[in-house]
């Protein structure tokens, strides 16, 4: 795995952070069996509309928090295999900016569309990575069917599964689509202005939901 992630340091760090957060919640809960529900640390990291004004940091911490081992493993597999390809294709700096923006975009969508639902998990940002993977394939001149099918299958899964965040996934998917032309822009100025603008919109949306404005 170390060799596999060579050239993708940010993906490795994000994965380690998610695993560390889960282990910390398990240690606090004293169990490996769904420690989220018995961990104050995990609960305090959850994105939940009614508490967001007093805990705006949860827009970020929720993306590193997972319900149980299955939830964590599934998300980390997607992160490692897709994140590596995206990071190596666009560069670590652009990748980190895009991932962070996707986290914020997904959180903002949840708070505006599903305010009362507590949400955790990296899957919102991972949906953005799936979209960006299409850009990687296009950039490399590869057949686009595989990444498009990957996105389509996960969209279908979102609607048929009963334990996933519909709006978190939708927010990540939409953020990825908006980021796509900027992440792969040839001119650095356009790339960074575009990503910055998308991030700014997400931050403003989150700020309104936190009651900072309006």
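Numbering (mature numbering (1 follows the signal peptide of the UniProt record, and there is no 0)), first residue to last: -29 to -1, 1 to 185.
Each residue gets a CB set at the ideal place from its N, CA and C atoms; glycine is no exception.
Exercise. In angstroms, rounded to a whole number, what distance separates the CA positions of residue 139 and residue 94?
Worked result: 7 angstroms
Exercise. What are the partner residues of residue 90, as DSSP defines its beta bridges?
Worked result: 18
For this session: Report the three-state DSSP secondary structure of residue 112 (helix, strand or coil).
Result: coil
Problem set entry | Burial state of residue 64, where buried means 16 or more other Cβ atoms lie within 10 Å | exposed
Exercise. Taking residue 159 as the reference, which of 103, 90, 136 and 61 has the closest Cα?
Worked result: 61
For this session: Pull up the distance between the alpha-carbon of residue 136 and that of residue 75, whole angstroms please.
Result: 15 angstroms
For this session: Using the Cα positions of residue 117 and residue 127, report the straight-line distance between them to the nearest angstrom.
Result: Those two C-alpha atoms are separated by around 15 angstroms.
Exercise. Is the beta carbon of residue 80 less than 8 angstroms from the beta carbon of residue 141?
Worked result: yes
Exercise. Between 97, 109 and 131, which lies nearest to residue 122 when the distance is taken from Cα to Cα?
Worked result: 97
Exercise. What residue range is occupied by the uninterrupted alpha helix (DSSP H) comprising residue 179?
Worked result: 159 to 180
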